[in-house]
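Notes to accompany the following structure.
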Amino acid sequence: MATLEIGGIDCRRLAEVSGTPLLVYDEAKIEEQFAAAREGFQSEQFETEVVYAAKAFSCKAIFEKARQAGAGLDVVSGGELYCARQAGVDMKKIYFHGNNKSEDELRMALELGCGTIVLDNRMEAERLVQLAEEEAKGINVLLRVNPGIEAHTHEYIQTSGSDSKFGISIRKRDEIQELVKIVTESKYVTFKGFHSHIGSQITETEGFEKALEIMIRFIKEIKEAYGIQSDWLSIGGGFGIKYTASDKPIPLGEMAQILASACERLLEENSAELKKLLIEPGRSIVGEAGYALYTVGFSKDTDTKHFLFVDGGMSDNIRPALYQAEYSCDIATRMGEPKDKTWCIAGKNCESGDILVREAQLPKTAAEGDLLVIYSAGAYGYSMASNYNRAGRPEVVFAKGGKARRVLRRETYEDQLRLETDESII
Ligand SMILES: Cc1ncc(COP(=O)(O)O)c(C=O)c1O
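Residue numbers for the sequence shown follow my numbering, beginning at 8 and rising by one.
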């Protein structure tokens with residue numbers, strides 16, 4: 008019976024040493040993705056920057072990998088910013104997003120010398136200007152706008168308005184002009200340009216190209232109408248990965264190349280200029296590199312289903328329960344055996360919706376003690392993990408060339424009690 012290897016290491020060995028549930032990253036795959044993005048995203052007309060979206064998976068080890076790859080970092084909270092700082096990330100390469108950054112977070116960004124704030128709304132612009140003056144600290148800003156494109160997987164739709172909680176609709180030009188004015192009048196805050204993000208798990212280029220076209224025309228028009236100079240443009244992240252056989256994503260390197268070329272063409276067609284183009288991949292950097300390993304426990308037949316229970320579930324990966332995300336999986340300890348039974352892979356959390364894979368074609372011999380692997384589990388699993396049912400967060404391991412290192416240890420019962428207290432406060 009063949010056993011799956013990750014990073015040159017037998018899964019049984021990984022599970023013996025680290026226990027399960029276990030998240031194993033094939034470190035070489037992460038490096039390949041960073042390299043593909045960097046090599047594909049090049050232009051002779053403008054500078055390019057790949058910015059890793061920390062929300063997909065954040066810890067010091069992955070931030071170090073981003074740093075080594077020369078990538079910037081998109082953070083969305085004081086916590087991510089703090090972790091980036093502890094990982095030795097160059098603060099100038101940080102892009103701080105979010106629709107409701109607190110005063111503490113904005114001050115922290117200023118104090119740490121964070122490179123760029125991605126502004127979301129007018130109140131934030133006013134607050135940042137005030138705080139930058141108080142702290143006498145300089146900072147760049149991009150303004151997040153909604154180009155009126157919504158894209159998911161292979162479809163995109165153009166919408167006229169925007170009810171998104173993020174950013175300002177591109178149609179609200181006067182509002183945008185006023186906001187930019189607030190920023191440009193400050194001696195500490197420097198307006199650099201615009202940001203847009205159109206969705207997630209997008210496997211086609213059309214939505215991005217349409218967004219680029221809209222953004223470039225917009226940049227030109229507001230320069231002509233209001234004299235607003237935009238040097239940078241970020242087109243966000245959202246590049247799709249392969250979860251199941253029906254996903255046919257464009258490889259990240261190719262996608263990056265197509266977008267850089269599309270931007271060159273659109274700038275020329277519109278007689279517009281840019282100094283820097285940015286992308287913010289998250290999922291496409293870490294998603295396919297991550298393998299979630301579980302130990303199979305009990306199994307059970309109902310009238311319509313054959314359940315296979317595993318020792319994790321929605322507490323370490325809420326995506327299937329949260330938005331019906333689909334994954335493919337295998338019995339890692341029975342690779343190559345005929346897949347002759349449809350199993351329903353259920354977690355151990357106390358919710359009927361705690362199903363990791365609804366219909367998995369796996370060997371009928373799957374049994375207690377086997378290891379189940381869920382593929383492409385590297386994005387938005389650990390980062391959305393919880394202590395639901397007081398489940399501890401899993402251990403995370405980076406494996407490469409037959410060696411493995413623990414980058415996040417398993418959360419113990421004692422860890423979970425570390426916040427418990429009994430202090431009189433008022
Ligand atoms: C502004 C922004 N940038 C980047 C990303 C990363 O997206 P993905 O992980 O799908 O590449 C997101 C995801 O929500 C986002 O909101």
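A virtual CB, placed ideally from N, CA and C, is assigned to each residue, including glycine.
Test item, CB below 5 Å from any non-hydrogen atom of ligand 1: 60, 63, 204, 207, 243, 244, 245, 287, 288, 289, 290
Start-to-end residues for the alpha helix (DSSP H) that takes in residue 70: 67-75
Distance CB(residue 125)-CB(residue 92) smaller than 8 Å: no
Residue closest to residue 405, alpha-carbon to alpha-carbon, out of 299, 146, 279: 299
Complete runs of the beta strand (DSSP E) confined to the stretch 316-355 [at least 3 residues]: 336-338, 348-353
Assigned exposure category for residue 337 - 16 Cβ within 10 Å defines buried: buried
Buried or exposed (CB count within 10 angstroms, at least 16 for buried), residue 81: Here residue 81 is buried: its Cβ has 16 or more other Cβ atoms, across all protein chains shown, within 10 Å.
Chain-order list of residues whose beta-carbon lies under 7 Å from that of residue 54 (same chain, five-residue window excluded): 282, 283
Close Cβ partners of residue 184 (< 6 Å) along its chain, the five nearest in sequence each way excluded: 233
Residue closest to residue 130, alpha-carbon to alpha-carbon, out of 118, 142, 108: 108
Segment limits, beta strand (DSSP E) that includes residue 226: Counting along the chain, residue 226 falls outside any beta strand (DSSP E), though it belongs to the alpha helix (DSSP H) covering 213-233.
Where the beta strand (DSSP E) through residue 55 begins and ends: Residues 54-60.
Local Cβ density within 10 Å of residue 199, reported as buried at 16 or more and exposed below that: buried
Sufficient close CB pairs (3 or more, under 8 Å) joining the stretch 140-158 to the stretch 196-216: Yes: at least three Cβ pairs fall under 8 Å.
Sequence-distant residues of the same chain with beta carbon closer than 8 Å to residue 408, five excluded per side: 14, 15, 35
Contacting residues, own chain, Cβ-Cβ under 7 Å from residue 304 (five flanking each side not counted): 316, 317, 318, 375
Contiguous beta strand (DSSP E) assignments of at least 3 residues, all confined to the stretch 242-300: 283-286
Whole-angstrom distance between residue 85 and residue 352, CA atom to CA atom: 36 Å
Which of helix, strand or coil DSSP assigns to residue 177: coil
Three-state secondary structure (DSSP) of residue 390: helix
Minimum C-alpha distance to residue 239 - residue among 161, 157, 261, 223: The shortest C-alpha separation from residue 239 is found at 223.
Rounded C-alpha distance that separates residue 78 from residue 220: 25 Å
Simplified DSSP assignment, three categories, for residue 83: Correct three-state label for residue 83: coil.
For residue 27 and residue 301, believed in contact at Cβ under 8 Å, the rounded distance: 5 Å
Neighbourhood of residue 189 by C-beta, 8 Å cutoff - its chain only, sequence neighbours within 5 removed: In chain order, 129, 132, 133, 136 place their CB closer than 8 Å to the CB of residue 189, counting only its own chain and leaving out the 5 sequence neighbours on each side.
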